[in-house]
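A short worksheet on the structure shown next.
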Amino acid sequence: MEQVFSSNSSIWYGLIVATLEPVRIVRLRRPELLPHLIRSLAELPFERRAEHVSRRFAFELQEVPNWNLSKGKESGRDVFRFDRFSTGSSLTVAVLITVLCAAFIALTKNMQKPGCYRRPYNTSQLGFIIRLEFGNGFSDFFIGREVLLADGSHQFRIMVVTDLDKSSKHPTEENLWQSFIEFGVLTVNKEYTKASLQWNVNEQISIYSTIAGGGRSMELSDLVIFDGNLLSVDDRTGIIYRIEKNLAYPWIYLSDGDGNTTKGFKGEWMTVKDGNLYIGGLGKEWTTAKGVFVNENPMWIKFVTPEGSVEHISWVEEYKKLRSAVGIEWPGYMIHESVQWSEIKRKWFFLPRRASKLAYTEAEDEERGTNYLLIASEDFSNIRYQQIGPISSGRGFSAFQFVPGTNDRVIVALKSEEKDGLPVASYVTIFNYETNHILLEEMPLFGKFKYEGIAFV
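For the sequence shown, this note's numbering assigns the number 1479 to the initial residue and increments by one for each residue that follows.
So this is what it looks like as structure tokens:
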């Protein structure tokens, strides 16, 4: 019995084996996931790759016991064969390990070549398929897929989701609330200096829920790919939804603050760190409309495992350190709606929605948009900030993602604007924060909707 792989495939298998301890031959149940696995491994230091394979792809691995590797020629190309062998041969085992190590070194060098097509992707968005329904059928989307055009440009599909606030109520159905998902194509030139975005108006998806709090629901604040599922959080009910087809399935209910409350958590941002999901709120003290202190519940975050267990963690000091970094102290404030963890940089990234050195008031808050980008070390012992583009008092960041293949240097971000509590417009912008170069100036999205979540699909 034998199985034949091309040279490239054997290198992929060699890499998998070389990163597992104890060393063993494995294969994936779905071979199409191999490129995604390789890209995710390319982002990580060598000492963390075995852990990543075991954690993220363990359910895909199948042991292939007692296979021997041989090399031959077929139609002018190298072919590797794995035939069964006896584990009693030390020489055979040594030869196999040597071949696999050589394959690993060859692949590592290949991935480091400038212009190599196998680019790394955000590991939180790898190797999974999201199935959504629109029009009259279904479409499957590989997360983070990149298309390389003939001129060297890079093309990605993205999706955005709305937070319609009170307008989320269905216009005709009594007990139904809705949100909209839009799709577009992002194109970035070969040098990553210019970008364009084309929206497909025929691909809008409406998703619905009948679960509400205080007569409101489906005010979705972010999008994240976690453990193979497309998730969003409703900032009105505290429910994390799993989005499939045109339905939103409740997965987890998050209570406010330390968890010992009856109020739902006002989740505003979601990100994946080390295989777990982090959900955060506004990041400021809860106050009255005139700025009188009530509690610190929005300064707690939620830590969620793939199995769905929830831990409530106080981030009071972390949030205070962030606003102190730009010279803001209580009763001044900073509101967060867009946060990401970079697995590549091992740092936290924050694009605050609003900030002020003055006390919060509901009447003035809408004119306190920011253009800050804050980057914090993993333990928040070191925080630096910079300003991105011109500041517009009414606009503030509502979501962002790192553009795949840019080593988490290029960011696509959403901004939204409100007046008297009603959405005015939303915008998208793309920038390289390391060079402070704007690839795409603020570009308006559809209509008077507030978009608060973005993902690559």
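Glycine is no exception: its CB is placed at the ideal position from the N, C-alpha and C atoms.
Own chain, CB closer than 6 Å to residue i, minus 5 neighbours either side, in chain order
| i | result |
| --- | --- |
| P1784 | D1705 |
| T1766 | none |
| F1924 | none |
| I1908 | A1673, V1890, L1917, L1918 |
| K1823 | D1886 |
| E1789 | F1781 |
| F1667 | Before going on, a small fix: residue 1667 reads as Asn here, not Phe. If we look at N1667 and ignore the five residues flanking it on each side, its Cβ neighbours are S1631. |
| N1775 | D1734, G1735, W1764 |
| G1786 | I1730 |
| M1637 | I1659, F1661, A1933, V1935 |
First and last residue of the uninterrupted beta strand (DSSP E) at residue i
| i | result |
| --- | --- |
| Y1850 | 1850-1855 |
| K1825 | 1825-1828 |
| A1933 | 1929-1934 |
| M1812 | 1811-1813 |
| Y1670 | Where Y1670 is concerned, there is no enclosing beta strand (DSSP E), given that its DSSP letter is neither H nor E. |
| K1780 | 1778-1782 |
| M1696 | That residue, M1696, is in no beta strand (DSSP E); it is neither H nor E in DSSP. |
| T1640 | 1632-1640 |
| A1833 | 1832-1834 |
| S1820 | 1817-1820 |
| E1651 | Premise fails: E1651 is in no beta strand (DSSP E) and is neither H nor E. |
| I1916 | 1915-1922 |
| L1627 | Premise fails: L1627 is in no beta strand (DSSP E) and is neither H nor E. |
Cβ-based neighbour list, residue i, same chain, cut-off 7 Å, excluding 5 preceding and 5 following
| i | result |
| --- | --- |
| A1743 | One point to set straight first is that residue 1743 is Phe, not Ala, in the sequence displayed. Answer for F1743: G1716, L1732, S1733, D1734, G1759, K1780, listed in chain order. |
| K1926 | P1901, V1902, A1903 |
| S1820 | F1827, F1880, D1886 |
| K1936 | With the chain covering only 1479 through 1935, there is no way to say anything about residue 1936. |
| N1707 | R1720 |
| G1593 | Since pLDDT at G1593 reaches only 33, below the 50 mark, its modelled position is unreliable, and the value read off the structure follows with that caveat. Here the set comprises nothing. |
| S1657 | V1639, T1640, L1642, S1646, I1685, M1696, L1698 |
| N1754 | F1781, V1782, T1783 |
| H1648 | L1654, W1655, Q1656 |
| Q1865 | N1849, Y1850 |
| T1884 | Y1670 |
| Q1676 | G1662, V1663 |
| L1627 | Q1633 |
Nonlocal neighbours in the same chain, by C-beta distance under 8 Å from residue i, ignoring five residues either side
| i | result |
| --- | --- |
| R1635 | F1619, R1623, F1661, G1662, V1663, L1664, F1934, V1935 |
| K1799 | A1854, F1858, I1861 |
| A1833 | R1801, V1804, I1806, G1810, Y1811, M1812, I1813, R1846, T1848, Y1850 |
| H1915 | T1671, F1909 |
| I1791 | W1778, I1779, K1780, F1781 |
| L1745 | The question names Leu, but residue 1745 in the sequence shown is Gly. Around G1745: S1699, D1700, V1711, D1712, D1713, G1716, I1718, L1732, I1757, G1758, G1759, K1780. |
| P1868 | N1849 |
| T1740 | S1733 |
Inter-residue CB distance, residue i and residue j (contact presumed, cutoff 8 Å)
| i | j | result |
| --- | --- | --- |
| V1702 | V1750 | 6 Å |
| S1710 | G1931 | 6 Å |
| Q1818 | F1878 | 6 Å |
| Y1811 | Y1838 | 5 Å |
| I1757 | P1728 | 15 Å between Cβ atoms; not a contact. |
| Y1797 | G1761 | 4 Å |
Residue interval of the alpha helix (DSSP H) (run including residue i)
| i | result |
| --- | --- |
| D1843 | 1840-1843 |
| S1802 | 1794-1803 |
CB of residue i within 8 Å of CB of residue j, strictly
| i | j | result |
| --- | --- | --- |
| I1685 | I1730 | no |
| K1928 | D1713 | no |
| K1897 | E1844 | yes |
| I1659 | Q1682 | yes |
| A1726 | S1687 | yes |
| K1825 | E1856 | yes |
| E1895 | G1872 | yes |
| M1921 | Y1905 | yes |
| W1778 | D1736 | yes |
| S1876 | L1852 | no |
is_contact[residue i, chain D] using C-beta, thresh 8 Å
| i | result |
| --- | --- |
| F1828 | Although the question refers to chain D, the structure presented lacks it and comprises just one protein chain. |
Residue i: CB within 7 Å of a non-hydrogen atom of the ligand NAD
| i | result |
| --- | --- |
| G1925 | This structure does not include the ligand NAD; it has no bound ligands of any sort. |
Could you give the uninterrupted runs of the alpha helix (DSSP H) lying entirely in the segment 1724-1773, keeping only those of 4 residues or more? Within the segment 1724-1773, there are no complete alpha helix (DSSP H) runs of at least 4 residues.
Fully enclosed by the segment 1862-1907, which beta strand (DSSP E) runs are 3 residues long or longer? Counting whole runs of 3 or more residues, the segment 1862-1907 contains the beta strand (DSSP E) stretches 1873-1880, 1888-1897.
Segments assigned beta strand (DSSP E), at least 3 residues, entirely inside the segment 1698-1723: As far as the segment 1698-1723 is concerned, its whole beta strand (DSSP E) runs of at least 3 residues are 1698-1704, 1707-1712, 1717-1722.
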